[in-house]
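Q:
Numbering (my numbering), first residue to last: 814 to 882.
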């Protein structure tokens, strides 16, 4: 039982670390691009940009998951 709790704790720590890294990477990409990504997607309804940001998010997530693994 103690071993299970240790593994669950480690998984929780890695999950939080991955989320923090993802948010940081997304904020960095938002700063590097001209204009505001959220404003363009939400206010202007830019579907093409939403698809690009979604693909970028998946790519960042894969890199973070591979780095943590």
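From the three backbone atoms N, C-alpha and C, an ideal C-beta is built for every residue, glycine too.
None of the values given here were measured: they were computed from a predicted structure.
The alpha helix (DSSP H) spanning residue 819 covers which residue range?
A: 815–845
Q: Using a Cβ-Cβ cut-off of 7 Å (strictly less than) and excluding sequence neighbours within five positions of residue 842, which residues of its own chain qualify?
A: 869
Q: In or out: residue 836 buried (at least 16 other Cβ within 10 Å) or exposed?
A: exposed
Q: Could you give the DSSP three-state label for residue 867: helix, strand or coil?
A: helix
Q: Starting from residue 851, trace the alpha helix (DSSP H) both ways and give me its first and last residue.
A: Segment 850–855, the alpha helix (DSSP H) holding residue 851.
Q: Hey, how far is the Cα of residue 876 from the Cα of residue 867?
A: 14 Å
Q: Could you tell me how far apart the beta carbons of residue 830 and residue 881 are, in whole angstroms, since I believe they sit closer than 8 Å?
A: 7 Å
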